[in-house]
Structures are given as structure tokens and as C-alpha cells.
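**Student:** Positions 84 to 226 (the working numbering) are the ones given, in order, by the sequence shown. For glycine and all other residues, C-beta sits at the position ideal for the given N, C-alpha and C.
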Amino acid sequence: MEFDFDLPSVSDDEVREIEVIKGGKSYGVFHVKHQFVNSPKWLLEWKRATAKLSKRERSRIDDPQTEEDVMLRRSVVIRMFVENYVTKSAGIPVKDNVWKHTTANLVAFLSDQRAYWIFQELDEFSSEESNFQTEALEEAKKN
84 MEFDFDLPSV SDDEVREIEV IKGGKSYGVF HVKHQFVNSP KWLLEWKRAT
134 AKLSKRERSR IDDPQTEEDV MLRRSVVIRM FVENYVTKSA GIPVKDNVWK
184 HTTANLVAFL SDQRAYWIFQ ELDEFSSEES NFQTEALEEA KKN
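1. To the nearest angstrom, report how far apart residue 118 and residue 202 are at their CA atoms.
2. Thinking C-beta only, is residue 163 closer than 8 Å to residue 134?
3. Evaluate the contact criterion for the region 119-128 versus the region 177-191: three or more CB pairs, one atom per stretch, below 8 Å.
4. Should residue 175 be labelled buried (16 or more other beta-carbon atoms within 10 Å of its own) or exposed?
5. If you compare alpha carbons, which of 168, 85, 215 and 197 is closest to residue 206?
6. Mind reading off the beta-carbon distance from residue 26 to residue 215? Whole number of angstroms is fine, and I expect it under 8 Å.
7. Can you have a look at residue 177 and say buried or exposed, based on whether 16 or more other CB atoms are within 10 angstroms of its CB?
8. Here's a check: name, in chain order, each residue in its chain whose Cβ is nearer than 7 Å to the Cβ of residue 209, leaving out the five neighbours to either side.
9. Check whether the Cβ atoms of residue 143 and residue 152 sit closer than 8 Å, and answer yes or no.
10. How far does the beta strand (DSSP E) with residue 113 in it reach, from first residue to last?
11. Taking 8 Å as the cut-off, decide whether the C-beta atoms of residue 120 and residue 110 are in contact.
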């Protein structure tokens, strides 16, 4: 059966760059893929991320009751996001060092409570389909 309307489509491999800026300061440049939250692919990634946990830990993240439960859930979500949706990061402010993009480094950075808002920005950006549609991007550049 073929339907007579166009659905917006975004490739799973489509990558966009976002620079996170707050108060005029850059907190990094990130290359992220679009995440179709609750799509079959996303749900499989979530299942794989939680499969490594014990039954008790899975219960804690499914129904967080304490601050520790929330932090456990947050760490699983951040790791899953970094492993599956961030392809590159640069310009992250580190003292006495130069930022090196690795999964472990980025997970550590985004897991810091002071940087959680950066993860939220990236998560929101990558969840918004219009950020990945070529037509919308070209229109934004014209304006």
C-alpha cells in the first residue's frame, strides 16, 4: 500500500553540529545524530544499555525512589546517548589540558552535575527532527 502524502524523513546517520553556549561562553562543540526516541532502534539501544545492569538496578532506574536512583538512571541515559548519538566533541573547557574526545571522557564530563544542563541541551537538540531536515536547515540559513 502506498500513501499519498510525504512524511518528513531523517536518515539515522545524519549528523549535525551544535555549539553549547551559555552567558557568552562556549562549553563545547558537539556532532550529534538524530535520536528517534521510542523508535524500535532507540528501544533496542536502551535495552542493551540496561541489560548490563542487575535486576535490582533495572528496577531502580525504572522507578527511581531516591536521589541515588535518579543518578543511576541519569548515568545509564548519558552513556547510551554518548555511545549512540555523539560522534565528535571538541572545545570542552578543561583545566591544564586539551580536550580529547573519547566516550569515557564525554560520559565523565556530561555526568558531572554541573554539566548536566549541557547533556539536556544535546538531548533536546538531537530529539528535534527539524534540526536534521535539510529543507529546514537551508531555510534557516536564508533568514
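**Tutor:** Inspection of the coordinates gives the following:
1. 14 Å
2. no
3. no
4. buried
5. 168
6. It is not possible to answer for residue 26, since the shown part of the chain is limited to 84 through 226.
7. exposed
8. 115, 116, 117, 118 and 168
9. yes
10. 108-116
11. no
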